[in-house]
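Asks: Heads up: the sequence shown begins at 105 in my numbering, then just goes up one per residue.
Cβ coordinates follow ideal geometry from the N, Cα and C atoms, glycine included.
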Amino acid sequence: MMDDNFKSDDGAENPQGRPVWSHKQDGGYLEDFLKAEGEGEADADNAQDTATDSVPAASEGDLKTRVIEALRQIYDPEIPVNIYELGLIYGVEVDATNNVDIQMTLTTPHCPVAESMPMEVDSRVRSVEGVNDVDVDLVWDPPWDMSRMSDEARLELGLL
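1) Is the separation between the beta-carbon of ASN186 and that of VAL235 shorter than 7 Å?
2) First and last residue of the beta strand (DSSP E) that includes MET208?
3) If you run the structure through DSSP and keep just helix, strand and coil, what is LEU242?
4) Could you give the C-beta distance for LEU192 and TRP244, rounded to a whole number, given that I count them as a contact under 8 Å?
5) Roughly how many angstroms lie between the CA atoms of PRO160 and MET250, to the nearest whole one?
6) What is the residue span of the alpha helix (DSSP H) that VAL198 lies within?
7) Are the beta-carbon atoms belonging to ASP241 and GLN207 less than 7 Å from one another?
8) Need the endpoints of the alpha helix (DSSP H) that GLU260 sits in, please.
9) For a quick check, are the C-beta atoms of ALA257 and LEU190 less than 7 Å apart?
10) Please report how far the alpha carbon of VAL229 lies from the alpha carbon of MET221, in whole angstroms.
11) Could you name the residues of the same chain whose beta carbon sits closer than 6 Å to that of ASP237, not counting the 5 residues immediately before and after it, in chain order?
12) In terms of residues, what are the limits of the alpha helix (DSSP H) holding VAL225?
13) DSSP puts TYR179 in a beta bridge; with which residues?
14) Have a look at ASP205 and PRO213 and give me their C-alpha separation to the nearest angstrom.
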């Protein structure tokens with residue numbers, strides 16, 4: 105049997121057999137924070153939900169583009185390149201209900217922002233208008249290497 109670190113949020117074993125971190129495991133760091141912050145704003149939230157129900161949803165492609173733009177605003181603190189161009193974002197998926205799944209890694213498991221970077225990604229993506237829910241999976245396989253950087257990142261770092 106696989107270790108709990110190798111299971112998805114719903115308890116199913118991860119088919120790739122690789123460790124996955126998700127903000128939804130262990131109660132979810134963001135949900136607890138938002139619940140405490142929003143307890144007094146429940147009536148306003150309900151009114152806003154009703155108002156946004158009549159607004160047509162943005163297309164998945166348009167939302168994905170805006171999510172990627174939000175990710176380009178997050179910089180690695182040790183490297184002057186955003187995490188998207190650095191190649192730390194392995195995948196961005198937007199489903200029909202505007203839930204966003206992001207698969208990302210860090211330059212090394214010993215990265216000093218290993219705890220805070222996934223939370224920042226989650227927070228930034230949640231702030232994009234039209235996003236319903238966000239799931240950030242931090243993966244270590246395949247490991248990051250410099251070949252994952254865009255030409256823009258290589259140019260910025262003087263590697264081209």
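Replies: Walking through what the data contain:
1) By one-based count along the sequence shown, residue 186 stands at place 82. By one-based count along the sequence shown, residue 235 stands at place 131. For ASN186 and VAL235, no; Cβs fall outside 7 Å.
2) For the purposes of this step, residue 208 is taken as residue 104 along the sequence shown, with counting starting at 1. That run of the beta strand (DSSP E) goes 203-208.
3) For the purposes of this step, residue 242 is taken as residue 138 along the sequence shown, with counting starting at 1. LEU242: strand per DSSP, three-state reduction.
4) Residue mapping note: residue 192 aligns to position 88 of the sequence shown, counting from 1. Residue mapping note: residue 244 aligns to position 140 of the sequence shown, counting from 1. Not a contact, Cβ separation roughly 12 Å.
5) In the sequence shown, counting from the first residue as 1, residue 160 sits at position 56. In the sequence shown, counting from the first residue as 1, residue 250 sits at position 146. Low confidence applies here, because PRO160 scores a pLDDT of 45, under 50, leaving its location unreliable; read the following figure in that light. Approximately 41 Å between the Cα atoms of the pair.
6) Here residue 198 refers to the residue found at position 94 of the sequence shown. Segment 193-198 is the beta strand (DSSP E) holding VAL198; no alpha helix (DSSP H) there.
7) Indexing the sequence shown from 1 puts residue 241 at position 137. Indexing the sequence shown from 1 puts residue 207 at position 103. Contact flag set, yes.
8) In the sequence shown, counting from the first residue as 1, residue 260 sits at position 156. First-last of the alpha helix (DSSP H) with GLU260: 255-260.
9) Translated into positions along the sequence shown, residue 257 becomes position 153. Translated into positions along the sequence shown, residue 190 becomes position 86. Yes, Cβ-Cβ distance for ALA257 and LEU190 is below 7 Å.
10) The sequence position of residue 229 within the sequence shown is 125, counting from 1. The sequence position of residue 221 within the sequence shown is 117, counting from 1. Inter-residue distance for VAL229 and MET221 is about 12 Å (C-alpha atoms, whole angstroms).
11) Here residue 237 is taken as the residue at index 133 of the sequence shown, counted from 1. The residues are ASN203.
12) Working through the sequence shown from its first residue, we reach residue 225 at position 121. Per DSSP, VAL225 belongs to the alpha helix (DSSP H) from 220-230.
13) Taking the first residue of the sequence shown as 1, we reach residue 179 at position 75. Answer is ASN186, bridged to TYR179.
14) In the sequence shown, counting from the first residue as 1, residue 205 sits at position 101. In the sequence shown, counting from the first residue as 1, residue 213 sits at position 109. Answer to the nearest angstrom: the Cα atoms are 21 Å apart.
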